[in-house]
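My numbering applies: residue 17 is where the sequence shown begins, and numbers increase by one.
Glycine residues also receive a C-beta, built at the ideal position from the N, C-alpha and C atoms.
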Amino acid sequence: MQPALTRLWAEGKSHATQSISGVGEDAFYGEGRLTFKNGDEYVAVQVLSTKIDTSTAAGVSQQIDIEKKVALKALSRMIH
Numbered sequence: 017m018q019p020a021l022t023r024l025w026a027e028g029k030s031h032a033t034q035s036i037s038g039v040g041e042d043a044f045y046g047e048g049r050l051t052f053k054n055g056d057e058y059v060a061v062q063v064l065s066t067k068i069d070t071s072t073a074a075g076v077s078q079q080i081d082i083e084k085k086v087a088l089k090a091l092s093r094m095i096h
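This is the structure:
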C-alpha cells in the first residue's frame, strides 16, 4: 500500500464510529459513510436521503445496513 493511502486510511479509521465486518479486507463506518478497502482500492459509500434519523443508535444501525448492502454490491462488481 502506498504511504499516502496508508495515512489516509489510518486517519479515516481513527474517526470511525465502528468497524464493519464482512465487507472487503477492512471496513469502518464514520462521518456518515461506510468505507472499505479491497487490495489497493478504497471505496466510500454514503447513501443520502434515506430519511433515517442517524442521531440514534437504531438509526445508525439502519443506515449502516443500507450502506453495507450497496458496498457488497459494489465489491461483487470490482475486478480482483
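Using the DSSP secondary-structure output, state which residues sit across from residue i in a beta bridge.
i   : result
G46 : R49
Q18 : Answer is none; Q18 lacks a bridge partner.
S30 : Partner(s): none; S30 has no beta bridge.
S35 : F44
Is residue i helix, strand or coil by DSSP?
i   : result
T63 : Note that residue 63 is Val in the sequence shown here, rather than Thr. Coil at V63, not helix or strand.
E83 : helix
Looking at chain E, is there any beta carbon in it that lies within less than 8 Å of the beta carbon of residue i?
i   : result
K89 : In the structure shown, chain E does not exist; there is a single protein chain.
Go ahead and label residue i buried or exposed: buried means 16 or more other beta carbons lie within 10 angstroms of its beta carbon, across all protein chains shown.
i   : result
K53 : buried
T51 : buried
Q62 : exposed
A26 : exposed
A20 : exposed
Q34 : exposed
Q18 : exposed
Give the single residue among the options whose Cα lies nearest to the Cα of residue i.
i    : options               : result
I36  : M94, R93, S92 and A87 : A87
D56  : D69, L64 and G40      : G40
L104 : S71, L24 and V59      : The first residue shown for the chain is 17 and the last is 96, placing residue 104 beyond what the model contains.
Inter-stretch contact (C-beta, 8 Å, three-pair minimum) for the region 37-51 and the region 76-89: yes
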